[in-house]
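Q: Input: one structure, supplied below.
2 protein chains.
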Amino acid sequence: MEKKKVLIIEDDPEITNLLDIHLKDLQCESISAADGKTGYDLAVAEKPDLIILDISLPEMDGIEVCQKVRASQKTPIIMLTAKSEEIDRVLGLEVGADDYITKPFSIREFTARVKAIFRRTKFIQESLSEDASQIIEFEGLYIDIEKRKVLKEEERVDLSPKEFELLVLMASHPGKSYTRSDLLKIIWGYDFDGYEHTVNSHINRLRAKLEPDMADPKYILTTWGVGYKFNEEL
Amino acid sequence: MEKKKVLIIEDDPEITNLLDIHLKDLQCESISAADGKTGYDLAVAEKPDLIILDISLPEMDGIEVCQKVRASQKTPIIMLTAKSEEIDRVLGLEVGADDYITKPFSIREFTARVKAIFRRTKFIQESLSEDASQIIEFEGLYIDIEKRKVLKEEERVDLSPKEFELLVLMASHPGKSYTRSDLLKIIWGYDFDGYEHTVNSHINRLRAKLEPDMADPKYILTTWGVGYKFNEEL
DNA sequence: TTTCGCTGTGAACATTTTGTGATAACTTTT
DNA sequence: AAAAGTTATCACAAAATGTTCACAGCGAAA
């Protein structure tokens, strides 16, 4: 099946970039606009399969964009709102968004919503239907994402929330290196303001629970000068 | 038997999401629309096996959608009405809806109605007829859902309504973690506005009645940072 | 009405997780 | 080999999360 096209209308480049990365993960092609007017034009011209729309935008308000888009097409729309109060406004105006996400949001939440929309609107892609088998396996390592269960050599290991998220993210993309900054953005949220070396500690604790030999990690490898990655040769 | 397709026409994404999740539990595939017009189009194009239709909708009123759909097909329709709209309820029925549910409703009520519709309309699915074997057993624990009877080591235990519902829900899906928010939505209803920590108290009371050792729960486990789950290793 | 059990909440307490600083260990560069 | 830059480790306090318990409001049953 061909890739789905997603239009991101968002004025914060930081966020646009982040969403862009994760949409690619979901096998989506993405295009973006930094203001409402351009966004609307692109929505008309490009006929995307999904629109991610921030509420507060320069040039044309997100709600207005939503209404105008809806007047001519039924492309699913996910709205991003800064405060929960704004949701009421969206709902009240009955603009017809298919879902909304309040900032700050976690990437897991975002991708889950996107997948849900695609599932519901019938644009099911092979790669998206991974929801079924949420189990990742490697030599001596078993991860059941749904149940949050991790086994190391048949033995149950319990991980803290952050440890679990780190493991799942990296194990889902073996070989892909993440910088500490990537990890902070993805797992802690793009608004986290703390030190990057916080990640080190978490990786360290995760390794302590998973690795048979701390001196020579088997699963979570260090990419010197870059960050960390899950071993792809397993 | 193949999956049943359910179309949700509802403008509140929160509710759409919730229904979506529980329809999946019932082995149904769901598609959705956030406004009446799109909803009607999908009803025609996708030929769903069941339509969940909110009465108040943007673009095209739920009643109108119902009438138009009924003009061309006999797909079962369940209407959702807000409490105050007593009048609309009658109207909805005259229009030919097969059932109606007034908001706010509990998820148990919703799934029961959906099952009933499928049963009535002869779309009986293996997975839906789980009503038959309503007995769950684990080491030292026996639950007869039908009779609302719970035995702990052969001894009868009586549970309050909420305790019983919590137990049944979780024991029906061992290993699956539920967040406090999930539990509130499913058991208390999506409109419950109270504190999440209310769940803690109920879990606590339930444990007090079930667990042989409170310090080390055997049945109801805590998933730190997430919520609770029923022990799958029994 | 009175009684009684169920519920939601607040508060005190217990536990786990997490961010950070300090320091050691390791790589690369000079 | 020393210096500079990165990563690993570890202990600790603060923050987040869970547990327990008492109590008052409520509604149903007696």
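Protein sequences, first through last, are from chains Z and D.
Per my numbering, the first sequence runs over residues 1 to 234.
Per my numbering, the second sequence runs over residues 1 to 234.
Cβ coordinates follow ideal geometry from the N, Cα and C atoms, glycine included.
If you draw a straight line from the C-alpha of D20(Z) to the C-alpha of V44(D), how long is it?
A: C-alpha separation (whole angstroms): 34 Å.
Q: State buried or exposed for A215(D), treating a residue as buried only when at least 16 other CB atoms are found within 10 Å of its CB.
A: Exposed, since its Cβ has fewer than 16 Cβ neighbours within 10 Å.
Q: Grab the span of the beta strand (DSSP E) containing I29(Z) for me, first residue to last.
A: The question names Ile, but residue 29(Z) in the sequence shown is Glu. C28 to A33 is the extent of the beta strand (DSSP E) around E29(Z).
Q: Under three-state DSSP, which class holds G227(D)?
A: Strand at G227(D).
Q: Are S30(Z) and K24(Z) closer than 9 Å when you measure CB to CB?
A: Yes, the Cβ-Cβ distance between S30(Z) and K24(Z) is below 9 Å.
Q: Give me the Cα-Cα distance between K176(Z) and I9(Z), rounded to the nearest whole angstrom.
A: Taking the straight line from one Cα to the other gives about 28 Å.
Q: Which one of K4(D), I145(D), K5(D) and N17(D) has the shortest CA to CA distance from Y190(D)?
A: Per the Cα distances, N17(D).
Q: Name, please, each residue of chain Z whose Cβ falls closer than 8 Å to the Cβ of T223(D).
A: Result: R148.
Q: To test your reading of the DSSP string, which unbroken beta strand (DSSP E) runs of 3 or more residues are found completely within the region 98–166 of chain D?
A: DSSP runs (the beta strand (DSSP E)) wholly in the region 98–166 of chain D: 99–103, 135–138, 141–144, 149–152 and 155–157.
Q: Between G62(Z) and chain D, is there a C-beta pair that is closer than 9 Å?
A: No - not a single Cβ of chain D is within 9 Å of the one on G62(Z).
Q: I'd like to know if I55(D) contacts chain Z, where contact means its C-beta is closer than 9 Å to some C-beta of that chain.
A: By this cut-off, I55(D) is not an interface position.
Q: By DSSP, does K5(Z) sit in helix, in strand, or in coil?
A: In the structure shown, K5(Z) sits in a strand (DSSP, three-state: E or B).
Q: In the DSSP assignment, find the alpha helix (DSSP H) that holds I21(Z) and state where it starts and stops.
A: First-last of the alpha helix (DSSP H) with I21(Z): P13 to D25.
Q: Quick check: the Cα distance between V6(Z) and Q67(Z), rounded to an integer number of angstroms?
A: Whole-angstrom Cα-Cα distance: 18 Å.
Q: DSSP has Y195(D) in a bridge; who is on the other side?
A: None; Y195(D) has no bridge partner.
Q: Please return the same chain residues whose Cβ sits closer than 8 Å to the Cβ of D71(Z), not counting the five positions on each side in sequence.
A: Before going further, note that residue 71(Z) is Ala rather than Asp in the sequence given. Here the set comprises nothing.
Q: Examine chain Z for any beta-carbon lying closer than 9 Å to the beta-carbon of N17(D), and answer yes or no.
A: Closer than 9 Å: yes.
Q: How do the region 93–111 of chain D and the region 130–149 of chain D stand: do at least 3 beta-carbon pairs fall below 8 Å, yes or no?
A: Segments in contact, no.
Q: For I87(D), name the three-state secondary structure that DSSP assigns.
A: Summary for I87(D): the model assigns pLDDT 49, below 50, so the residue's position carries little reliability, and this model does not support an answer.
Q: Out of L234(D), K185(D) and L57(D), point me to the one whose CA is closest to L295(D)'s CA.
A: In the structure as shown, chain D begins at 1 and stops at 234. Residue 295(D) is therefore absent and cannot be evaluated.
Q: Hey, G227(Z) and Y178(Z): beta-carbon distance below 9 Å or not?
A: Yes.
Q: Would you grab the beta carbon distance between P76(Z) and D98(Z) for me? Rounded to a whole angstrom, and I think it's under 8 Å.
A: About 4 Å separates the two Cβ atoms, so the contact holds.
Q: Within 9 Å (strictly less), CB to CB, does A116(Z) reach chain D?
A: So, interface residue.
Q: Got a sec: is the Cβ-Cβ distance from P104(Z) to anything in chain D below 9 Å?
A: No, P104(Z) lies away from the interface with chain D (no Cβ there is under 9 Å from its Cβ).
Q: What does a CB cutoff of less than 7 Å around R207(Z) pick up in its chain, not counting 5 residues either side in sequence?
A: These residues qualify, in order along the chain: M214, P217 and I220.
Q: Which residues of the region 170–186 of chain Z have a Cβ closer than 7 Å to any Cβ of chain D? Give them in chain order.
A: From the region 170–186 of chain Z, no residue has a Cβ closer than 7 Å to chain D.
Q: Do R156(D) and K162(D) have their beta-carbon atoms positioned less than 9 Å apart in this structure?
A: No, these two residues do not count as a Cβ contact at 9 Å.
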